[in-house]
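Engineer: First the structure, then my questions, so here it is.
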Amino acid sequence: MYIKTAALLCIYFVPYALIVSGLASVNIVLFYALWLVMGIGLASLGMSVMHDSNHEAYSDNNFVNTLFGGTLNILGGYSRNWRMQHNILHHTYTNVDGLDEDIEAGILLRMSPNKKRYAIHRYQHWYAWLLYGIMNIYWVTVKDYKGLIKYHKTGLLKKEKVSFGRALAELTFYKLIFFGYVVVLPLLFSGMAWQHVIIGFVLMQMLAGLVLACVFQLAHVMHTSDYAEPDEMNKMENSWAIHQLLNTANFSPRSTIMSWFIGGLNYQIEHHLFPHICHIHYPQLSKIVAQTAQEHNLPYNVQPNFVAALQVHARMLRDLGKK
34 MYIKTAALLC IYFVPYALIV SGLASVNIVL FYALWLVMGI GLASLGMSVM HDSNHEAYSD
94 NNFVNTLFGG TLNILGGYSR NWRMQHNILH HTYTNVDGLD EDIEAGILLR MSPNKKRYAI
154 HRYQHWYAWL LYGIMNIYWV TVKDYKGLIK YHKTGLLKKE KVSFGRALAE LTFYKLIFFG
214 YVVVLPLLFS GMAWQHVIIG FVLMQMLAGL VLACVFQLAH VMHTSDYAEP DEMNKMENSW
274 AIHQLLNTAN FSPRSTIMSW FIGGLNYQIE HHLFPHICHI HYPQLSKIVA QTAQEHNLPY
334 NVQPNFVAAL QVHARMLRDL GKK
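Count the sequence shown with my numbering and you get residues 34 to 356, in order.
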């Protein structure tokens, strides 16, 4: 994992160094290409290093997990928010409307059959991909602040053992650091006009957002998901583990490259069942999980490759927009 972490940090920061040094100013295509490489590095760092670390799965050492979990703070996010939204809400209430924020996208996207359908949703399988990219820009500018206020009001912030004032100060500090090095420094030293820097930043964020959204939505917004809701007593029909099997899917199980790049999140079933296990063990673990599911007559949903999963997800968006 340490070698992989170093490699991913290089994929993100080496292009950045070339941009800030002014060496990329000789060619506009090269300049934009480096921003896109940064977007790939950002997404992969988030899925491989940050994700495992904030699940306490990167290392047995809490300091190491905290250190690498903090990479999110320099990539535009806020690790405290992420742990509340992802570890507590998404992993506990997967695909439950009103609780799992991963299927919340305002009125423009309908990612659950339990959400109200609007006329515009008939076209969401066409425009969703653009929104997926924009979501990352929304995340680094607005979403973290809205999320922190929400988690403070609902009491989730107390689990982080930090006051709202301190968390707000931390969040603002990290945002200033992020926008300072990723926007201000290139504006000052890249040797390129300001509009090219802004376009480069937007390209980086949109590519990262598209990659991140596709990976996570291919695991949950699929025809195989059952989107179960609590009953009148606020109880779920199935146990937590069965609920995960009913609302999660894998893809590209034989692709070592895919698994390396996205931090094993092509094995989302294993990740949801065992979030504290490092992703490098998912391929071996998947054999046990699949066999156990078969023995208990439970679903184990797998798409053979990324393209097939993407097609199923697109059809799901289309169907959610029609009925």
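All C-beta atoms in this analysis are idealised placements derived from N, C-alpha and C, irrespective of residue type, glycine included.
Answer yes or no: do Asp133 and Leu122 have a C-beta to C-beta separation smaller than 8 Å?
Structural biologist: The answer is yes: Cβ separation under 8 Å.
Engineer: Look up Phe284 in the DSSP assignment and say whether it is helix, strand or coil.
Structural biologist: If DSSP states are grouped into helix, strand and coil, Phe284 belongs with the strands.
Engineer: Can you tell which of Glu270, Glu265 and Phe249 has the C-alpha that lies nearest to the C-alpha of Asp259?
Structural biologist: Nearest of Glu270, Glu265 and Phe249 to Asp259, Cα basis: Glu270.
Engineer: Does DSSP put Asn87 in a helix, a strand or coil?
Structural biologist: Asn87 falls in the helix class under three-state DSSP.
Engineer: Of all the options Tyr111, Asn94 and Tyr156, which has the alpha carbon lying nearest to the alpha carbon of Lys355?
Structural biologist: Selected option, being the one with the closest Cα: Tyr156.
Engineer: Count the C-beta pairs between the stretch 93-102 and the stretch 59-72 that are closer than 8 Å, then say yes if the count reaches three, no if not.
Structural biologist: The stretch 93-102 is not in contact with the stretch 59-72.
Engineer: Helix, strand or coil for Ile310 per DSSP?
Structural biologist: Coil.
Engineer: Report the residue from Tyr45, Gln317, Leu51 and His229 whose alpha carbon sits nearest the alpha carbon of Val82.
Structural biologist: Answer by Cα proximity: Tyr45.
Engineer: Ser223 and Ser58 look like a contact to me (Cβ under 8 Å); what is the Cβ gap, rounded to whole Å?
Structural biologist: The Cβ separation is near 6 Å, so the contact holds.
Engineer: Determine whether the beta carbon atoms of Leu220 and Val230 lie at a separation below 8 Å.
Structural biologist: For Leu220 and Val230, yes; Cβs fall inside 8 Å.
Engineer: Within the 8 Å Cβ cut-off, does Met80 reach chain D?
Structural biologist: Within the model displayed, chain D is absent; a lone protein chain is all it includes.
Engineer: Secondary structure at Ala138, three-state DSSP: helix, strand or coil?
Structural biologist: Strand.
Engineer: Between Met349, Gly297 and Phe284, which has its C-alpha nearest Tyr333's C-alpha?
Structural biologist: Nearest option by C-alpha distance: Phe284.
Engineer: Between which residues of its own chain and Phe339 is the CB-CB distance below 7 Å, once the five residues before and five after are set aside?
Structural biologist: Counting only Cβ-Cβ distances below 7 Å, and skipping sequence neighbours, we find Phe284, Ser285 and Met291.
Engineer: DSSP three-state label for Asn334, please.
Structural biologist: Three-state result, Asn334: strand.
Engineer: In whole angstroms, what is the alpha-carbon distance linking Gly213 and Ile295?
Structural biologist: If I take the Cα positions, the gap works out to 27 Å.
Engineer: Does the beta-carbon distance from Ala161 to Leu350 come in below 8 Å?
Structural biologist: Against a cut-off of 8 Å, the Cβ pair of Leu350 and Ala161 comes out as a contact.
Engineer: Leaving out the 5 sequence neighbours to the left and right, which residues in its chain are closer than 6 Å to His84 when beta-carbon positions are compared?
Structural biologist: Within the same chain, His84 has close Cβ partners Gly296.
Engineer: Which two residues bound the contiguous alpha helix (DSSP H) that contains Glu328?
Structural biologist: Per DSSP, Glu328 belongs to the alpha helix (DSSP H) from Tyr315 to Glu328.
Engineer: Got a sec, what are the start and stop residues for the alpha helix (DSSP H) Ser77 sits in?
Structural biologist: Residues Ile61 to Leu78.
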